[in-house]
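A short worksheet on the structure shown next.
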Amino acid sequence: MEKDLQENIVGSYRGLRRLLGKRFKDNFVLSNRIIKYNNLEEALSDFTNYEKILLDRKDNNEYILKKVTATKYYIMSLLNYNIPYEEYMENTIGVTVKTTSQNIIDDIVKDVKTKLEQLKIIYTKKEIYEKFYSFSMNKEDLKEYLTKELKRQKSIVESYLELEFNDECIIEFVDEEVPYGYYLNIGEDKYILNVNINMDNSRFNKASLRYAIAHEIYGHAMQLSYWNKFIKEGIINEICGCEEDYGPEIIQLEGVGESIVYFVFKDEIDLEMEVELLLDKLHHLVQNNSYIMFNSGYALEECVNYYCDNYILGDREFVKKRILLSKEDSFYRANLYSYGSSLITFINISEELNLNKGKEFFRQMYLQPMTYKEILKYYQKLKLEKNI
């Protein structure tokens, strides 16, 4: 790609984020160009033009094209274009929306009940919160536990992927009224795992804490670190560093984060982790069904009832807000569906590939940004090689 076109696209991403009042990760790209926009219409015109240019190229980079298309659709949504849900998903995160059958949902619930019984826990919201998410430590002991777990997982991940990860990663506690137990912050020179100790919103056990470190640090942070490294070395186009979690990158990023336990830590899945993973899977599939329902014309209350009837830990007010976001917020309309979609895709791949091919597949996710279709194509290639 010509340097001028490449820098213009990066400059447009930088300018768009500035227009929207959002931070741009300057350390993830090479150029300093910024294209200033007075309004969204100007940005839409540029991204529409970039899409046309890329479509006409014989050496077209599929990932960059889909990324630009995703941003075009995102801006159109911000401008209140009437875009059907299916079309929006296809052209932002790159997937076809699909309802999970009630039989599959019921089977997962049955499995959760059975495994909780083995832990002598009844399948009620009260019992799950009081007996399953019952891990408690003071901040000093919790910090020590998490730090040790961070170091323990590092050698396992590096051995599995045959990749080193030496970026600085730290753990910090926050006390916030947000519905997240943990989340990753990307600083200028380090990655920060924020652990929310607000007990009204955060509930932990050892399995969920192990999962948090694997997902956020050795999934997201390590993956982004390698993309950043290869951008600076000229191996990956710097446009890929303009990360936007409404576009094709979110499927790959969340696919790795959501499924890392199934690939790297498969031998460590004990009964407690099985329940944690099943509840996570159930949650994502149920909420995706509710998003599809709401965007298909079902009444909000009906969608909330479906969600809470099938996911026992659902909080009605939180669920209501989430479902509304899936239709009314341009970013979350694309982003929220990606978790369940990527999780199921990557679980299926982990089950279909043998150990060596699974390692090869998962390692490549850290080395090269791919669209959803490119991920499936790469998986099919490895699967055919296995059968030769």
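Under this note's numbering, read the sequence shown as residues 1085 to 1472, first letter to last. Every residue gets a Cβ at the ideal spot worked out from N, C-alpha and C, and that includes glycine.
- DSSP, reduced to helix, strand and coil, places F1257 within a strand of the structure shown.
- In summary, Q1336 is buried, with 16 or more beta-carbon neighbours lying within 10 Å of its beta-carbon over all protein chains present.
- In the DSSP annotation of this structure, the continuous segment of the alpha helix (DSSP H) that includes L1293 starts and ends at K1290 to I1297.
- Contact annotation: V1152 and E1135 have beta-carbon atoms nearer than 8 Å.
- The C-beta of P1168 has fewer than 16 other C-beta atoms within 10 Å across all chains shown, which makes the residue exposed.
- In the three-state reduction of the DSSP assignment, L1409 falls in the helix class.
- The C-beta distance from I1254 to A1298 rounds to 16 Å, too long to meet the 8 Å contact threshold.
- Non-local C-beta neighbours of V1359 in its own chain, meaning closer than 8 Å and more than five positions away in sequence, comprise V1196, K1199, L1200, L1203, F1216 and A1291, ordered along the chain.
- Proximity to K1182 across N1372, Y1395 and Y1423 peaks at N1372, based on C-alpha coordinates.
- Under the rule that a run must span 4 or more residues, the alpha helix (DSSP H) segments found entirely inside the region 1361 to 1421 read 1384 to 1394 and 1400 to 1412.
- Considering only F1445, S1422 and L1397, the residue with the shortest C-alpha distance to Y1207 is L1397.
- In the structure shown, L1203 adopts coil according to DSSP, grouped into three states.
- Here Y1275 carries a strand assignment [DSSP, helix/strand/coil].
- Here DSSP, grouped into helix, strand and coil, assigns Y1121 to coil.
- With respect to Y1121, G1099 sits close: the two C-beta atoms are nearer than 8 Å.
- Spanning the alpha carbons of L1230 and R1287 requires a straight line of approximately 15 Å.
- Pairing L1361 with F1108, the inter-Cα distance amounts to about 33 Å.
- A Cβ-Cβ contact shorter than 8 Å links P1332 with A1154.
- Cβ neighbours of E1091 within its own chain (closer than 7 Å, five residues either side excluded): S1115 and R1117.
- When DSSP states are grouped into helix, strand and coil, Y1450 belongs to the helix group.
- E1171 counts as exposed, since fewer than 16 other beta carbons sit within 10 angstroms of its beta carbon.
- Going by C-alpha positions, Y1302 is about 33 Å away from S1161.
- The region 1386 to 1403 and the region 1135 to 1151 do not touch, with fewer than three beta-carbon pairs separated by less than 8 Å.
- Relative to the Cα of I1428, the nearest Cα in the group E1252, G1339, K1274 and Y1390 belongs to G1339.
- Approximately 5 Å separates the beta-carbon atoms of N1419 and Y1330; this is inside 8 Å, confirming the contact.
- CA-CA distance, I1320 to H1368, rounds to 31 Å.
- For L1268, the three-state secondary structure derived from DSSP is strand.
- Excluding its 5 nearest sequence neighbours in each direction, Y1462 has C-beta neighbours in its own chain below 8 Å: F1445, Q1448 and M1454, listed in chain order.
- For the set E1174, G1271 and Y1382, the Cα lying nearest the Cα of E1256 is the one of G1271.
- Beyond the five residues adjoining it in sequence on each side, E1211 comes within less than 7 Å, by CB distance, of I1205 in the same chain, given in chain order.
- Beta-bridge partners assigned by DSSP to N1280: V1258.
- With contacts defined by Cβ atoms closer than 8 Å, N1222 and V1258 do not form a contacting pair.
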